[in-house]
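J.: Taking the working numbering, I'd label the letters of the sequence shown as residues -2 to 117. Even for Gly, the Cβ is constructed at its ideal location relative to N, Cα and C. Next up is a structure, given as structure tokens.
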Amino acid sequence: MGCNIYNTISKRYYTFFYFPIVTNVLPITTTITSSLLAYRNVRRIVRLQRPVFRRRLDRQMTAITLARIVVLIALGSPYIFISLYQINLNVNTNNYMQLALFELISAVSASLLHTNFSAN
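As structure tokens, then:
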């Protein structure tokens, strides 16, 4: 089944702080903040008299940042949800079909997470 957490304090830490905050909210908040600042910068540059080439580059950068947010949410969230489920799961080692199915889902979600890193 992989690594299991048996200490209740560690389990609470991973369940309520690490996975929801550190691996989910913090990267998404940072990315959204930077994309909103980039969008604001592009809107400000449109009002200023900047060359058209510069404005196009800034629009492209904003589009890339917004696409990065979508990829981060779509490909990173399944791993976080599966990890939270795995921490709080009571393992029954006699049910091999359930274990195999869960391992398959874990492998697919980990592959999606690695795809997220390779896309960025």
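Can you tell me which of Val67, Thr59 and Leu81 puts its alpha carbon nearest to the alpha carbon of arginine 37?
T.: For this step, residue 37 is matched to residue 40 along the sequence shown. If we check each option's Cα against that of arginine 37, Thr59 comes out closest.
J.: Taking Cβ positions, are tyrosine 76 and alanine 116 nearer each other than 8 Å?
T.: Residue 76 sits at position 79 when you count from the first residue of the sequence shown. Residue 116 sits at position 119 when you count from the first residue of the sequence shown. Not in contact: tyrosine 76 and alanine 116 (Cβ atoms no closer than 8 Å).
J.: For threonine 90, which three-state DSSP category applies?
T.: Sequence index remark: in the sequence shown, residue 90 carries index 93 (1-based). Three-state result, threonine 90: coil.
J.: Using 8 Å as the Cβ pair cut-off and three pairs as the minimum, do the segment 78 to 89 and the segment 7 to 24 touch?
T.: yes
J.: Going by alpha carbons, who is nearest to phenylalanine 16 out of Ser74, Leu96 and Leu101?
T.: As a working mapping, residue 16 is identified with position 19 in the sequence shown. Checked all of Ser74, Leu96 and Leu101; the closest Cα to phenylalanine 16 is Ser74.
J.: How should serine 144 be labelled, buried or exposed, when 16 other C-beta atoms within 10 angstroms of its C-beta is the threshold for buried?
T.: Outside the displayed span of the chain (-2 to 117) sits residue 144, for which this structure offers no information.
J.: Can you give me the Cβ contacts of alanine 35 inside the same chain, cut-off strictly under 7 Å, excluding the 5 residues immediately before and after it?
T.: The residue labelled residue 35 in the question sits at position 38 within the sequence shown. If we look at alanine 35 and ignore the five residues flanking it on each side, its Cβ neighbours are Met58, Thr59 and Thr62.
J.: If distances are taken between C-alpha atoms only, which option among Ile70, Phe14, Tyr3 and Asn1 comes closest to threonine 26?
T.: Here residue 26 is taken as the residue at index 29 of the sequence shown, counted from 1. Comparing Cα-Cα distances from threonine 26 to each of Ile70, Phe14, Tyr3 and Asn1, the minimum goes to Ile70.
J.: Classify isoleucine 18: buried if its beta carbon has 16 or more other beta carbons within 10 angstroms, exposed otherwise.
T.: What you label residue 18 is simply residue 21 of the sequence shown in a count that begins at 1. Isoleucine 18 is exposed by the Cβ-count criterion.
J.: Just mark threonine 20 as buried or exposed, buried being the case when its beta carbon has 16 or more other beta carbons within 10 Å.
T.: In the sequence shown, the residue the question calls residue 20 occupies position 23. So threonine 20 counts as buried.
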